[in-house]
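Chains as they are written, first to last, in this note's numbering: chain L, 257 to 438; chain A, 75 to 158; chain C, 226 to 575.
Just so you know, even glycine gets a beta-carbon here, dropped at the ideal spot from N, CA and C.
Model, not experiment: these values are computed from the prediction.
Take a look at the structure below.
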Amino acid sequence: MSSSTIWVRRPTAPPAGDVSAPTFRLDRPLAGLTIGLRTDRAWRSWQLISTIWDQYLRRDGAQTIAVETGAQIGQPASSDRKQIEEFAGQVDAAIVGLGTCGSCTTFTIKDAVTVEAHEKPVVAVVCEEFTVHAHNVARHVGHSDMNVLVLPYPLEARPAEELQQIAQEYYPTVLELLGVTQ
Amino acid sequence: MDPAVVVAAVDELAGFLRADGADLLVREADPRTARVHLALVLDDVTCADCVLAPDELRETIADALQRRITGEFELVLDDPRRAQ
Amino acid sequence: MTLASERIEISADPREQYELSLREQWGDGVPQLPATDDAIGALLDASPYPADHVVCVLPPRNGVATVELVAINAALAGVEPAAFGVVLAALEALSEPEWNAFGLTTTTSSVFPMLIVNGPCRDQLGIDYRASCMGGAAGRGSMTIGRAVALCLRNIGGQRAGETTKSVFGQPARFGFCIGEWEERSPWPSLAQRRGFSSDDDVVTVHGGKGTFPMADIHNDDPRDLLYLISKSLAYPLANMFLGNVENGEVVVAFNPIWAERFGTAFADVDDLAAYLRENAWQPIDLWPAANAKLLRDRGRVDSRGRVHLVERPDQIVPIVCGGLGSLHAIGLPSFGESTMQSKPVVYGP
């Protein structure tokens, strides 16, 4: 290194503290509970998987509420976010997806945070490629301990039979993350 | 584009045309639009055949200006012979 | 002048500074200028805001962008003091909720802020709007302002390729994209005027653009024919705006001055031109394979004539005039979709 030096200022923002809002668990069986499912208009694969989980949840004694979002700006987005807020108030727990692209992962976490801010158990569902991103976003909005369920990637173009198998295979993990007991 | 440079260049070119009774006038030389708008005047021309044909005249003017003007410009030349 | 940011002693050797910027990940891979207190101070003096004024919070890491921190990044990029207000205005614009920085900084898409500047400052600051304005003209303002905004997103917002941003390809504009409109060659009011500002205002409009989409024609001088072809070109089948909500997003289309003049003779009112573009920016549903066509139908994107329109409204197609006098070309700046362009006036210091 040359001997002459200068003084400069660091250009980066200080790292946000690793604050994590609390997470919640049901710690009870499903019977009598209302479980919410948030889907996204963009992802056919997730619509199918969540429809199957909806059936399973009702089979296992829960009532379900399903909401669909699809916008990030404008009046459609305002309606979506308002709908999620109401949804968070109505459910005992929620499953929120799907993070299978950059921005939709961001908004999946955002909507999951809304549920968690209502002190309800929530699972954010993302595809494998976006796992790190999901955790980053959750950390940056102060929910670093959020439950994230990771599904295979890519998902969208898989045939219905494969998606059904995936739904069946991952359903127990969803219940585990929500803290459902026998 | 410096309008003064355009005016000087056109005046130099016009000198050749004036020998035959023609003239070349600057209608506009606007650096904001990069447009150089010239008009060929043939009202008092004494030797019409001595004035370069329209395409050749335009090319000569464009070359002369390009050598003096930095950057792009649009040359608009009103030549009464083209209106016929 | 009291600055809050950490002070670091570094080598005075520019090459060692460059190596440091790479190791510390401050940079974009291109050498930077040192952010000394003198350089930062000169920028701060050009702003009416105090150093600790919060301009915005930048995702994805929600970094707090104070004027000081923005000045540091602007110093790295070589922004001159007179241009600092443009950087601040751009950051204010992109942090408006409807621009959707939250989504755009993390998406797999290539989208990035594209700055379009109007007003008298263009020449003064070296903002390119003539030949090669989208790359190659090398105006100081264009190259440094765009870069400063990009560095802020990187150093303050924490955008890191593959980590916090999932952009699959990125795009050249991620180094920085800042152009002006050639207002004096436009047959219509400028972009800023159409968005409610006066011709004397210096305004930055930030558009979430996915890249530069080139279009060319050498055969047809008819304005309506050309605009028809431009419409069809903008409505390319894999455009983002076919993926999501038809009512969201804008696509910018840049006309060279020669074409603009021609289009202006056919459409004296730019709203009529935009309506014509919108009317023709569609593709037949049969163009898409069955799986895609089904989704378009399910989402109500197919009209009664089997047409899938790119956008719902004419104002979602935004013409601007810039570029050189060689004619023959137009450029589309395709939209991410879920983002609305935002404009802010430039505010100068005393």
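Unbroken beta strand (DSSP E) run spanning residue i, endpoints
i	result
aspartate 316 of chain L	Neither: aspartate 316 of chain L is in no beta strand (DSSP E) and is coded neither H nor E.
threonine 291 of chain C	288-291
isoleucine 291 of chain L	290-296
phenylalanine 337 of chain C	337-343
glycine 405 of chain C	403-405
arginine 337 of chain L	Per DSSP, arginine 337 of chain L belongs to no beta strand (DSSP E); it is in the alpha helix (DSSP H), 330-346.
serine 568 of chain C	567-570
arginine 109 of chain A	109-115
isoleucine 169 of chain C	In the structure as shown, chain C begins at 226 and stops at 575. Residue 169 of chain C is therefore absent and cannot be evaluated.
isoleucine 556 of chain C	554-558
cysteine 281 of chain C	279-283
phenylalanine 438 of chain C	438-441
proline 544 of chain C	542-546
arginine 265 of chain L	261-265
When the options are compared against residue i, the one with the closest alpha-carbon
i	options	result
glutamine 303 of chain L	L:Gln421, L:Glu324, L:Lys338	L:Glu324
asparagine 298 of chain C	C:Ala318, C:Pro259, C:Glu317	C:Pro259
threonine 322 of chain L	L:Gln328, L:Ala349, L:Asn403	The amino acid at residue 322 of chain L is misidentified as threonine; the sequence shows alanine. Ranking the options by Cα distance to alanine 322 of chain L, first place goes to L:Ala349.
tyrosine 501 of chain C	C:Gly360, C:Ala300, C:Leu452, C:Leu228	C:Leu452
valine 393 of chain L	L:Arg414, L:Trp299, L:Asp367	L:Asp367
valine 577 of chain C	C:Gln257, C:Phe467, C:Leu319, C:Pro306	An answer regarding residue 577 of chain C cannot be provided, because it is not within the stretch 226 to 575 covered by chain C.
glycine 252 of chain C	C:Pro509, C:Gly383, C:Val478, C:Val495	C:Gly383
alanine 290 of chain C	C:Val571, C:Thr389, C:Tyr274	C:Tyr274
valine 352 of chain L	L:Gly358, L:Phe363, L:Val264, L:Leu313	L:Phe363
leucine 245 of chain C	L:Phe280, L:Arg265, L:Pro278	L:Arg265
valine 388 of chain L	C:Thr389, C:Tyr573, C:Ala326, C:Leu550	C:Thr389
valine 527 of chain C	C:Asp540, C:Glu563, C:Asp511, C:Gly361	C:Asp511
valine 471 of chain C	C:Phe480, C:Glu486, C:Thr565	C:Thr565
leucine 354 of chain L	L:Ala416, L:Leu407, L:His391	L:Leu407
cysteine 281 of chain C	C:Ile483, C:Arg410, C:Cys377	C:Cys377
aspartate 427 of chain C	C:Gln250, C:Ala307, C:Arg524, C:Asp277	C:Ala307
aspartate 152 of chain A	A:Val125, A:Leu98, A:Asp76	A:Leu98
leucine 411 of chain L	L:Ala333, L:Glu385, L:Asp283	L:Glu385
serine 230 of chain C	C:Glu537, C:Ile341, C:Asp442, C:Ile265	C:Ile265
glycine 223 of chain C	C:Val536, C:Ile455, C:Asn481	For residue 223 of chain C there is no data in the structure shown, the boundaries of chain C being 226 and 575.
arginine 92 of chain A	A:Leu116, A:Val150, A:Val110	A:Leu116
arginine 232 of chain C	C:Phe467, C:Arg347, C:Asp262, C:His278	C:Asp262
proline 321 of chain C	C:Leu268, C:Gln508, C:Asp447, C:Lys569	In the sequence under discussion, the amino acid at residue 321 of chain C is glutamate, which differs from the proline named in the question. Here the closest residue by C-alpha is C:Lys569.
glycine 584 of chain C	C:Thr330, C:Val304, C:Thr333, C:His534	Coverage of chain C is limited to positions 226 through 575, which leaves residue 584 of chain C absent and any answer about it impossible.
phenylalanine 492 of chain C	C:Gly531, C:Arg524, C:Pro414	C:Pro414
serine 357 of chain C	C:Ser552, C:Gln242, C:Gly531	C:Ser552
glutamine 349 of chain C	C:Val311, C:Leu228, C:Met440, C:Lys519	C:Val311
aspartate 131 of chain A	A:Ala103, A:Leu87, A:Val81	The displayed chain sequence assigns leucine, not aspartate, to residue 131 of chain A. Checking every option, the nearest Cα to that of leucine 131 of chain A belongs to A:Leu87.
Expected contact under 8 Å - CB spacing of residue i and residue j to nearest Å
i	j	result
asparagine 343 of chain C	alanine 417 of chain C	4 Å
phenylalanine 394 of chain C	proline 559 of chain C	That belief does not hold up - the Cβ atoms of phenylalanine 394 of chain C and proline 559 of chain C are roughly 13 Å apart, past 8 Å.
isoleucine 381 of chain C	glycine 366 of chain C	No, isoleucine 381 of chain C and glycine 366 of chain C are not in contact; Cβ-Cβ is about 21 Å, not under 8 Å.
leucine 550 of chain C	alanine 108 of chain A	7 Å
valine 477 of chain C	glycine 433 of chain C	Not a contact, Cβ separation roughly 10 Å.
valine 429 of chain C	alanine 300 of chain C	In fact, because the Cβ distance is near 19 Å, the residues do not count as touching under 8 Å.
phenylalanine 402 of chain C	phenylalanine 309 of chain C	Their Cβ separation, rounded to whole angstroms, is 18 Å, which puts phenylalanine 402 of chain C and phenylalanine 309 of chain C out of contact at 8 Å.
alanine 298 of chain L	glycine 326 of chain L	6 Å
isoleucine 545 of chain C	isoleucine 341 of chain C	6 Å
aspartate 94 of chain A	threonine 120 of chain A	6 Å
Where the alpha helix (DSSP H) containing residue i begins and where it ends
i	result
glutamine 418 of chain C	416-419
aspartate 628 of chain C	Residue numbering for chain C in the displayed model covers 226 to 575; residue 628 of chain C lies beyond these limits and cannot be assessed.
glutamine 508 of chain C	Looking at the DSSP string, glutamine 508 of chain C is not in any alpha helix (DSSP H); the run it does join, the beta strand (DSSP E), is 507-509.
cysteine 346 of chain C	346-350
methionine 368 of chain C	365-380
arginine 132 of chain A	128-142
isoleucine 365 of chain L	358-373
threonine 490 of chain C	482-491
glycine 434 of chain C	Note, glycine 434 of chain C: premise wrong, no alpha helix (DSSP H); beta strand (DSSP E) at 428-434.
alanine 83 of chain A	77-92
Any non-hydrogen atom of the ligand ATP within 7 Å of residue i CB
i	result
proline 275 of chain C	Of ligands this structure carries none, so the ligand ATP is not represented either.
Residues from the segment 340-360 of chain C in contact with chain A, defined by Cβ distance under 7 Å: Arg355, Ala356
Contact residues within the segment 541-571 of chain C, judged by C-beta distance below 9 Å to chain A: Gly549, Leu550, Gly551
Against chain A: residues of the segment 407-418 of chain C by CB proximity under 8 Å: Glu409, Arg410
Whole runs of the alpha helix (DSSP H) within the segment 381-438 of chain L, excluding any shorter than 4 residues: 387-396, 416-434
Members of the segment 327-338 of chain L near chain C, C-beta cut-off 9 Å: Ala327, Gln328, Ile329, Gly330, Gln331, Pro332, Ala333
Interface positions of the segment 262-293 of chain L facing chain C (Cβ-Cβ less than 7 Å), listed along the chain: Ile262, Trp263, Val264, Arg265, Arg266, Pro267, Thr268, Ala269, Ala272
Contacting positions in the segment 98-114 of chain A - beta carbon closer than 7 Å to chain C: Arg106, Thr107, Ala108
Chain C contacts made by the segment 357-378 of chain L, where a contact means CB separation under 9 Å: Cys357, Gly358, Ser359, Cys360, Thr361, Thr362, Phe363, Lys366
Contact set between the segment 229-258 of chain C and chain L, restricted to residues whose Cβ is under 7 Å from the partner: Ser230, Glu231, Arg232, Ile233, Glu234, Ile235, Ser236, Ala237, Asp238, Glu241, Trp251
Residues of the segment 143-157 of chain A whose Cβ lies closer than 8 Å to any Cβ of chain C, in chain order: Gly145, Glu146, Phe147, Glu148
Interface residues of the segment 270-291 of chain C facing chain L [CB-CB below 9 Å]: Leu283, Pro284, Pro285, Arg286, Asn287, Gly288, Val289, Ala290, Thr291
Chain C contacts from the segment 387-398 of chain L (Cβ-Cβ distance under 8 Å): Val388, His389, Asn392, Val393, His396, Val397
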